[in-house]
Structure formats: structure tokens, C-alpha cells
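J.: Residue numbers (the working numbering), protein chains in the order written: chain A, 174 to 311; chain B, 5 to 425. The beta carbon of each residue, even a glycine, is placed where N, CA and C say it ideally should be.
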Amino acid sequence: MDYEMVSTEFNNALKNKQLIGGQCQDCGHNCIPQRQVCPKCHSHNMEVITYSGLGKLVAYTVIYVPPVDMANAGYNSKNPYCSGIVELVEGPRISAQILDVDLTNPENIEIGSQLMMTIIMRGEGENKSSYLAFSPKK
Amino acid sequence: MTRSKWARGVALVGSGMSKFGSFLEKTSRDLFVEAYLDMQNSLMKDFSPEGIEAFYLGNFSSDLFEKQAHLAPILASWIGISPIASLRIEDACASGGVALRQAALAIASGQYDVVLVGGVEKMTNLSIAQVTEALATAADTQFEIPAGFTFPGFYAAMATAYMAKYKAPREAFYHVAIKNHNNGALNAKAQFNKTIFDILTSKKARAEQKGRPIPTWETEIEFLSDPKANPPIAWPMTLFDCSPVSDGGAVALLVAEEFAKDFTDNPLYLIGSGQASDGALPDRDSLSHIPAAQIAGQEAYEMAGISPKDVDFAEVHDCFTIAEIMGIEDLGFFPRGEGWKAAMSGKTSRNGEIPINTSGGLKAKGHPVGASGLGQVNEIWKQLHGKAGQRQLTGQPSIGLAHNVGGSGQTCVVNIFERRE
Chain A
174 MDYEMVSTEF NNALKNKQLI GGQCQDCGHN CIPQRQVCPK CHSHNMEVIT
224 YSGLGKLVAY TVIYVPPVDM ANAGYNSKNP YCSGIVELVE GPRISAQILD
274 VDLTNPENIE IGSQLMMTII MRGEGENKSS YLAFSPKK
Chain B
5 MTRSKWARGV ALVGSGMSKF GSFLEKTSRD LFVEAYLDMQ NSLMKDFSPE
55 GIEAFYLGNF SSDLFEKQAH LAPILASWIG ISPIASLRIE DACASGGVAL
105 RQAALAIASG QYDVVLVGGV EKMTNLSIAQ VTEALATAAD TQFEIPAGFT
155 FPGFYAAMAT AYMAKYKAPR EAFYHVAIKN HNNGALNAKA QFNKTIFDIL
205 TSKKARAEQK GRPIPTWETE IEFLSDPKAN PPIAWPMTLF DCSPVSDGGA
255 VALLVAEEFA KDFTDNPLYL IGSGQASDGA LPDRDSLSHI PAAQIAGQEA
305 YEMAGISPKD VDFAEVHDCF TIAEIMGIED LGFFPRGEGW KAAMSGKTSR
355 NGEIPINTSG GLKAKGHPVG ASGLGQVNEI WKQLHGKAGQ RQLTGQPSIG
405 LAHNVGGSGQ TCVVNIFERR E
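See the structure below:
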């Protein structure tokens, strides 16, 4: 699948169950999402690449007071959710919802644990769209 | 490249703030005027508003909070200082500190001699969900917010990275809240003018009055560890780890050093200032500290020609308790990984090694985001002039530092003030 170098393509790729980012063809730096200028060496020679979707958890939280979109998706203080930052095996980090972790004992969620991407749907009707999430690697 | 010194010296000659809190009957202009009049009262000599040449306003989002954008000319006109140049500076929760720095840069450039700096935010008109939504616009709304993050969530995530790296216990965060409430209890302008011990005592008394079972908490830590009393907001950040939603205004008057004595016999000098930026949280070099804060601090120290040990006290941006712990490390007061130990052992209390947030900090004083950075400056003004009342530091402090962070660390500005004999 060919993607253009615009930031909105990230979400289009998620619809195709693909996690895309940018790779600098001059210095090799990988970033996510893709961007037109390399944040490390300032080169314009960037290409869209597809990531494996494998990574590890580097920071997380279990959220009990959700923003409006997450509240609309059914989350609240009785039904919290985990959001985290995942470091991909290719290097860059990305924010995502973290699924299938022990929400009743947040201290047991392990930094460094291996994760795999998955795509979830949130929202109703016109607002329904694909979101990036990760769950423990089986 | 930044210059290591101002092109000419900048002095703080007046400082004021409104009471911080929740004021349904007041708008941004009322809060701003309250702070402006308080600033006038802080001046020792006659002051003529006609002398003000420009007005820099720190404000995060009156557009979202009050459906009023373009606030600077409105406030200028409200106090009769039109038609001077009036502009709004927006760098999220660092807007106030950044507005002060921008005003200083304008004075240092030689373009203006007298600049009024304001900071204001009126947040309590909206519901908590709407406030959360408005604050979220200070993050990367395209790539972070869809992950479900909230502001407590960002700092909570940094807290998990910090706890994992340095084996810090959750209890360390509670000590920040306890200390800042102890300080806020001595500040009549604080939103929470109560110690956590006062709060737990009054909750027990109320339970007894109503014939309900009396909670067994004896200490603040027992109270804070009880999820019924202190529920999680974004684990590991609990209700008492979070600064409140607030209304408030703060004002500072900056002038070229050569004119300072025309306004007051006791000016403070802005001897160092630094500012830095960073990407969204995942793009940072570190998740267990705030790189922009370290850079801004270094820049300010270099300009002032001092090191962290020369600072007598600091107002550190404690929007969440973890933020204060990272802040005291980013500013070099404690080595990496030692901040939580310093918080637990009382090194940051009023009689500690380096008193932090004697005003009560954002945690207890309140966090009207655009005003917070200038509220910090007001505490430095009071402490350096010996006017901090019951919370006055002993030993005649001469150097105070203000550390103001925007968002989850995309912006940080550090300003250092000195009192000269």
C-alpha cells in the first residue's frame, strides 16, 4: 500500500491494520508518525515505512477520569482503561491504549513487557473509527 | 545561539495576584484587575499607568474557557492603557512565565522601558469533562489524545517510568502534597488554605456528626492511602496528587534596570532566564524527567552566573506531585533519582535544604494555568522582600527561582530573581 507523506495518512493506514511511520533515507532515523522533514538530520529525503507492530511498554497509566471521547466509549471510574507509551522494536515510541492488562492491580502492569499492536474501533455511527492499541504478546 | 546576558538589565518593580480559587461571579477581567491593583499596592513610589509602553498577557485558552479570544487588548482597554501594544502569549500552562520572559526580552532589546505583564485564567465555568477536554488541546491532539491520555494521565505515565527507574514508592508523591498543603495553609490567597491533616480531621468530625462510622485514619499518609478518601484519577496519580481547576490572575511590572529606582527602592533583578521546547511525550529523550526543564534551567543558571546551590528557594511547577519531584532534579537541586528521597525526608520543606513551593505551589495555591507562572513570581517577590507572613523563610533569602512548565513538558521556562542590598 502506498501512503503519502501527510500526517493524516497515519489514520488511513490504521484502517488497513497497518502501522506506518517515516524513515530518513539519509541518516536512517525512524520516526512515528511519518513526517516530511527528518527530526534528527533535517533531511527532506523521507519515506513512509510500515512497522512490525512489536514493541515494549515504557510508561503507562490506568485512567479513572476519562476525557469525553473515552467516556462516550463506556469508560468511567468503575470501568477504567490503560493508556501507555510503547517503544517499537524499530526504535520510535508511540502512545496507545493498552489492552488485556490487570486494571484492578495497576502496580502489576510491567514496564518492559512485550506488546503487539492491534486495531480497535471506538465511537458510534459517523464518529466510528480505527484506533491503535497494543496487547501483551502471546 | 542565545546570549549569555541580557543586552541590558531587567528589573521587577511590582508584583500582585488575585486570590486563586473558584469564583463563579468573576470573569478574566475581574481576576486580572484584582491582580493589577494588588501589583499597584506593591509599588513603593508613585506609579503612572501612562508610563506603561506594552502589555504582554499570558493566557492559555480564554477562547475555550470563556468563549473569548483576543483577550489582551480587552484587558488593556479595561484598565485604560490602550492604545499601547497588547498581545497574548500562549504556551499552555507556561504562558505566564513565558509572557514575563518575552517582556524582559523586549526591554532588553531597548525597544521598551516599562512593560506590564499579566497572566489570567478563568477555568471553573466548565464541567470537569469540559476542562479536561480544553486542557487536552495543550497535548498532541492528533496522536496522543486518541490513545485515551488526559493530563493527569501524561504525568502518571511519567510517574510509572520514574518509579520503575528509581524504585520510588507511591508514598513519596504524598509527601509533596502534604508539604504543599502545609505551605498553602499559611497563604490566604491559596485555593486550598488547609493542611491535609485539617482535611482529614474535618472529615472525621463530619462522619461523627452524621452518625456514620468514623474513619480510622490517624496520619496524612493513612488518609491519602485510602482510595475512598483519595481516589485514583490516573494511576498512580490520585486526587491529592493533582492541582485543582482554578480561577486567578497575576501581574508583574518589568522595567529597564536603569529606571528601577524610579518605581521602588527595592527592585528585584531578573538575573537569569531560559526557555526550551520539546515534542510530544513519546518523542522525548527521557520519560522519567523533563528534558526541556533541564535545558531551560541550565540556560538560566548560565545567564545568572550561578549554580543550583546558590538558589535559596524555588517555586517549582507542581501541576502533579510527580512534576515537583522531576522538577527539583531537572533544576539540579538533587541528583537524578534522589528527588523522591528529598521529598520524603523533608529537604524541600520551609526549613529544609532548599524550600520548594513555599506558596503552596500549584497544588494548594491553585493552578489557573495562564496565571500560574506569575503567581510563582509573586511568591518570590514576597519572600525576597520579607513579606511572606507566617510562611516567611528565615535567613533573608536573596535568590529565588521560578520553574514553569507547559503541557507535559513541551515548554519550560525558568526565571531567576535576585535581591541586591
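When DSSP builds the beta bridges, which residues end up paired with glycine 122 of chain B?
T.: Working through the second sequence from its first residue, we reach residue 122 of chain B at position 118. According to DSSP, glycine 122 of chain B bridges with B:Leu61, B:Val255.
J.: With DSSP collapsed to three states, give me the class of proline 236 of chain B.
T.: Here residue 236 of chain B refers to the residue found at position 232 when the second sequence is read from its first residue. Here proline 236 of chain B sits in strand by DSSP.
J.: Would you list the one or two residues that DSSP bridges to phenylalanine 317 of chain B?
T.: Along the second sequence, read from residue 1 onward, the residue named residue 317 of chain B stands at position 313. DSSP output for phenylalanine 317 of chain B lists B:Gly404 as bridge partner(s).
J.: Mind checking the segment 175-190 of chain A against chain B and listing, in chain order, the residues whose C-beta falls within less than 7 Å of any C-beta there?
T.: So the list reads Ser180, given in the order they occur along the chain.
J.: Mind checking the segment 204-232 of chain A against chain B and listing, in chain order, the residues whose C-beta falls within less than 7 Å of any C-beta there?
T.: Cβ contacts with chain B: Pro206, Val231, Ala232.
J.: Say whether chain E places a C-beta atom closer than 7 Å to the C-beta of serine 308 of chain A.
T.: Of the chains in the structure shown, none is chain E; the protein chains are A and B.
J.: Counting only beta-carbon atoms, is glycine 413 of chain B nearer than 7 Å to chain A?
T.: The sequence position of residue 413 of chain B within the second sequence is 409, counting from 1. No, because no Cβ of chain A sits closer than 7 Å to the Cβ of glycine 413 of chain B.
J.: When burial is assigned at 16 or more other CB atoms within 10 Å of the CB, is arginine 423 of chain B buried or exposed?
T.: Start at 1 with the first residue of the second sequence, and residue 423 of chain B comes out as number 419. Buried is the call here.
J.: To the nearest angstrom, report how far apart glutamate 299 of chain A and proline 231 of chain B are at their CA atoms.
T.: If you number the first sequence from 1, residue 299 of chain A lands on position 126. If you number the second sequence from 1, residue 231 of chain B lands on position 227. Approximately 38 Å, taken between the alpha carbons.
J.: Looking at chain B, is there any beta carbon in it that lies within less than 7 Å of the beta carbon of glutamine 198 of chain A?
T.: Looking up residue 198 of chain A in the first sequence gives position 25. For glutamine 198 of chain A, the answer is no, since every Cβ of chain B falls outside 7 Å of its Cβ.
J.: Could you tell me whether the Cβ atoms of asparagine 281 of chain A and aspartate 273 of chain A are closer together than 7 Å?
T.: Position 108 of the first sequence, counted from the start, is the residue given in the question as residue 281 of chain A. Position 100 of the first sequence, counted from the start, is the residue given in the question as residue 273 of chain A. Against a cut-off of 7 Å, the Cβ pair of aspartate 273 of chain A and asparagine 281 of chain A comes out as no contact.
J.: Are the C-beta of methionine 294 of chain A and some C-beta of chain B separated by less than 7 Å?
T.: By 1-based counting over the first sequence, the position of residue 294 of chain A is 121. Closer than 7 Å: no.
J.: Quick one: what's got a C-beta closer than 7 Å to glycine 350 of chain B's C-beta in the same chain, skipping five residues either side?
T.: Working through the second sequence from its first residue, we reach residue 350 of chain B at position 346. Cβ within range, chain order: Gly356.
J.: Does methionine 5 of chain B get closer than 7 Å to chain A when you measure Cβ to Cβ?
T.: Translated into positions along the second sequence, residue 5 of chain B becomes position 1. No answer about methionine 5 of chain B holds up, because its pLDDT of 44 lies below 50 and its placement is not dependable.
J.: Consult DSSP for aspartate 95 of chain B and reduce its assignment to one of helix, strand or coil.
T.: Numbered from 1 along the second sequence, position 91 holds the residue referred to as residue 95 of chain B. In the structure shown, aspartate 95 of chain B sits in a strand (DSSP, three-state: E or B).
J.: By Cβ distance, which residues of its chain are closer than 7 Å to cysteine 262 of chain A, with the 5 residues on each side in sequence left out?
T.: Here residue 262 of chain A refers to the residue found at position 89 when the first sequence is read from its first residue. Before going further, note that residue 262 of chain A is valine rather than cysteine in the sequence given. For valine 262 of chain A, where only same-chain residues beyond five positions count, the Cβ hits under 7 Å are Ser225, Leu227, Gly228.
J.: Return helix, strand or coil for glutamine 196 of chain A, following the three-state DSSP convention.
T.: The residue you call residue 196 of chain A lines up with position 23 of the first sequence. In this structure, glutamine 196 of chain A counts as strand in the three-state DSSP scheme.
J.: Any beta-carbon of chain A closer than 7 Å to the one on glutamate 137 of chain B?
T.: Residue numbering aside, residue 137 of chain B sits at position 133 when the second sequence is read from its first letter. At least one chain A Cβ lies under 7 Å of glutamate 137 of chain B.
J.: Please state whether DSSP places alanine 89 of chain B in a helix, a strand or coil.
T.: Translated into positions along the second sequence, residue 89 of chain B becomes position 85. In the structure shown, alanine 89 of chain B sits in a strand (DSSP, three-state: E or B).
J.: With a cut-off of 7 Å, does the C-beta of tryptophan 10 of chain B fall near any C-beta of chain A?
T.: For the purposes of this step, residue 10 of chain B is taken as the residue at position 6 of the second sequence. No, its Cβ sits nowhere closer than 7 Å to a Cβ of chain A.
J.: Determine the extent of the beta strand (DSSP E) in which alanine 15 of chain B is found, giving its start and end residues.
T.: One-based indexing of the second sequence puts residue 15 of chain B at position 11. Looking at the DSSP string, the run of the beta strand (DSSP E) that includes alanine 15 of chain B is 14-21.
J.: Which residues in chain B have a C-beta closer than 7 Å to the C-beta of isoleucine 236 of chain A? List them in chain order.
T.: As a first step, residue 236 of chain A must be located in the first sequence, where it is residue number 63. Here the neighbours are Gly152, Thr154, Gly157, Ala238.
J.: Let's test the definition: count the other Cβ atoms within 10 Å of the Cβ of alanine 238 of chain B and tell me whether it reaches 16, buried, or not, exposed.
T.: Walking along the second sequence from the start, residue 238 of chain B turns up at place 234. So alanine 238 of chain B counts as buried.
J.: Measuring only the C-alpha atoms, how far is glutamine 134 of chain B from aspartate 67 of chain B?
T.: Counted from its first residue, the second sequence places residue 134 of chain B at position 130. Counted from its first residue, the second sequence places residue 67 of chain B at position 63. C-alpha separation (whole angstroms): 13 Å.
J.: Can you tell me whether DSSP reads glutamate 342 of chain B as helix, strand or coil?
T.: Position 338 of the second sequence, counting from 1, holds the residue named residue 342 of chain B. In this structure, glutamate 342 of chain B counts as coil in the three-state DSSP scheme.
J.: What is the residue span of the alpha helix (DSSP H) that isoleucine 384 of chain B lies within?
T.: In the second sequence, the residue the question calls residue 384 of chain B occupies position 380. 373-388 is the span of the alpha helix (DSSP H), which, as asked, contains isoleucine 384 of chain B.
J.: How many Å lie between proline 212 of chain A and arginine 266 of chain A at the Cα?
T.: The sequence position of residue 212 of chain A within the first sequence is 39, counting from 1. The sequence position of residue 266 of chain A within the first sequence is 93, counting from 1. Each residue's Cα considered, the two are about 14 Å apart.
J.: For the segment 259-283 of chain A, enumerate the residues whose C-beta is nearer than 7 Å to any C-beta of chain B, in chain order.
T.: Cβ contacts with chain B come from Arg266, Ile267, Ser268, Ala269, Gln270, Pro279.
J.: Counting only runs of 4+ residues fully inside the segment 215-269 of chain A, write out the alpha helix (DSSP H) ranges in chain order.
T.: Correct list: 241-245.
J.: Could you say which of B:Pro401, B:Pro87, B:Leu405, B:Ala194 lies nearest to glutamate 57 of chain B if we only look at CA atoms?
T.: For the purposes of this step, residue 57 of chain B is taken as residue 53 along the second sequence, with counting starting at 1. The candidate whose alpha carbon is nearest that of glutamate 57 of chain B is B:Pro87.
J.: Give me the chain B residues within the contact set of methionine 243 of chain A, using Cβ-Cβ distance strictly less than 8 Å, ordered along the chain.
T.: Numbered from its first residue, the first sequence carries residue 243 of chain A at position 70. Neighbours of methionine 243 of chain A on chain B, chain order: Gly152.
J.: Going along chain B, which residues have a C-beta under 8 Å from serine 256 of chain A?
T.: Position 83 of the first sequence, counted from the start, is the residue given in the question as residue 256 of chain A. What serine 256 of chain A touches in chain B: Ala151, Gly152, Phe153, Gly157, Ala161.
J.: Spatial neighbours of isoleucine 132 of chain B within its chain, please: CB distance less than 8 Å, with the 5 preceding and 5 following residues excluded, ordered by chain position.
T.: Taking the first residue of the second sequence as position 1, residue 132 of chain B is located at position 128. If we look at isoleucine 132 of chain B and ignore the five residues flanking it on each side, its Cβ neighbours are Val249.
J.: Who are the near neighbours of alanine 327 of chain B in its chain, counting only those whose CB is closer than 7 Å to its CB and skipping five residues on each side?
T.: Residue mapping note: residue 327 of chain B aligns to position 323 of the second sequence, counting from 1. Taken in chain order, the residues that qualify are Tyr159, His321, Val409.
J.: Within 7 Å of any Cβ in chain A, is that where the Cβ of leucine 228 of chain B sits?
T.: What you label residue 228 of chain B is simply residue 224 of the second sequence in a count that begins at 1. So, not an interface residue.
J.: Are the segment 364-373 of chain B and the segment 116-131 of chain B touching, with three or more C-beta to C-beta distances below 8 Å?
T.: Counting Cβ pairs under 8 Å, three or more are found: they touch.
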